[in-house]
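The structure appears below as structure tokens.
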Amino acid sequence: MIIFPAIDIKDNECVRLTQGDYRQKIVYSNQPEEVAVRWEKEGAPFLHLVDLDGAKDGYLYNKSTIEKIVKSVSIPVQLGGGIRDEATASELLALGINRVILGTVAVENLSLVKQLVEKYGAEKIVVSIDATNGKVATRGWKNISEVDALTLCQTLEEVGITTIVYTDILRDGMLQGPNLEIYKELAEKTNLQVIASGGIGSLKDIKELASIGLYGTIVGKALYEEKVDLKEVLSCLQKGSSRA
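Quick note, in this note's numbering, the sequence shown goes up one by one and the last residue is 276.
So, in structure tokens, the structure goes:
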């Protein structure tokens, strides 16, 4: 299972929110590129960036910081937040982002998702499903739709998506453990590569997600609050895979 350290960017700073609430913001660094370098040095195989301003407002807000991060590390970087048209996706891929993550557009413009997959390939286009009580949230989690999350996952599979990030909003930033049941259901009812997000607060949580056979998990607040040690997590997963 791939571990993706999260770097959430707001006003060009590395921050964390609780349950997606922009009023509950903790600033961890005003130089996110240094945070990226730290995670790479500790062995991270991939980074997960979110432009929080972009997610809320629908355009690329923290481009200069994103560019600095991409230039500072040699590991691949995926980015979500405010990518709602082909021009933005194309710009980010040209910038060196390895994979772009679509969110709101998957609910509001499914044909664009299909178009981007056809143009750039499924390995470059990921969709983020952010859900609360099984319903998909959009526009930086400000709107809760009537769209069923599992149904949307199955629809995305039909249009060519192979990888999704699934966030349980109610668990996000709470450090109380992920929603294992939804990840088991996704593993059983889809063939998607699922990246878990939300609630990871301990090494035990990560081991439980790995036991389901998930493709990856995003770890954010648990790293910044030192609830988990990245080197220890990576070492533990490596030992687990070598025994398998």
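Backbone N, C-alpha and C define an ideal beta-carbon position, used for all residues, glycine too.
Report all residues from its chain with a CB closer than 6 Å to the CB of residue i; omit the five preceding and five following residues, and keep chain order.
i	result
T97	I41, N44 and P64
L188	V159
G100	Note on identity: in this sequence residue 100 is Lys, with Gly being the wrong assignment. Only E65 meet the Cβ criterion.
Y60	C46 and Y256
Is residue i near the ligand SAM, going by C-beta to nearest heavy atom under 6 Å?
i	result
R48	No copy of the ligand SAM appears in this structure; indeed no ligand is present at all.
Compare the C-alpha of residue i against each of the options and name the closest.
i	options	result
L230	M33, A38 and C185	A small fix is needed here, since residue 230 is Gly in this sequence, not Leu. It is A38.
G135	E258, V179 and E220	V179
T222	A254, L207 and T183	T183
V105	E74, E240, K88 and G112	E74
K259	G153, C185 and L207	L207
E220	G245, A126, Q51 and L49	G245
I107	G153, T50, S122 and E72	E72
A228	G272, K236 and V251	V251
N281	E190, S177 and T249	Nothing about residue 281 can be reported from this structure: the residues present for the chain run from 33 to 276 only.
K151	L92, V265, E118 and K253	E118
How many Å lie between residue i and residue j at the Cα?
i	j	result
K263	V67	15 Å
M33	A242	6 Å
L84	V137	16 Å
Q270	E257	23 Å
K156	Q186	19 Å
A276	N175	Its pLDDT being 46, under 50, A276 is placed unreliably by the model, and the measurement read from it follows with that caveat. Approximately 42 Å, taken between the alpha carbons.
L111	I238	22 Å
N130	V69	17 Å
E240	P77	20 Å
I133	A154	11 Å
L125	S143	20 Å
L266	K253	17 Å
V168	I35	24 Å
C268	K95	35 Å
L281	G272	It is not possible to answer for residue 281, since the shown part of the chain is limited to 33 through 276.
E123	N141	19 Å
Here's a check: name, in chain order, each residue in its chain whose Cβ is nearer than 7 Å to the Cβ of residue i, leaving out the five neighbours to either side.
i	result
Q225	T194, T195 and Y247
R116	G90, T136 and V137
L255	P37 and L262
V102	V109, L127, G128 and I129
A181	I161, A163, G166, K167 and V168
I58	V47 and R48
Mind reading off the beta-carbon distance from residue i to residue j? Whole number of angstroms is fine, and I expect it under 8 Å.
i	j	result
G128	G86	At roughly 17 Å, the Cβ-Cβ gap does not stay under 8 Å, so G128 and G86 are not in contact.
R192	G209	Note on identity: in this sequence residue 192 is Gly, with Arg being the wrong assignment. About 32 Å; that fails the 8 Å criterion.
V109	L81	6 Å
T120	V139	In fact, because the Cβ distance is near 17 Å, the residues do not count as touching under 8 Å.
Identify, in the order they occur along the chain, each residue of the same chain with its Cβ nearer than 8 Å to the Cβ of residue i, setting aside the five sequence neighbours on each side.
i	result
N62	N44, E45 and C46
Y54	K42, L84, K88 and G172
L177	Contrary to the premise, residue 177 reads as Ser rather than Leu in this sequence. Result list for S177: V139, K167, V168, A169 and T170, in chain order.
| task | Check whether the stretch 164-171 touches the stretch 194-210, counting contact only when three or more Cβ pairs, one atom from each stretch, lie closer than 8 Å. | result | yes
| Any contact of the stretch 211-220 with the stretch 145-156, i.e. 3+ C-beta pairs under 8 Å? | no
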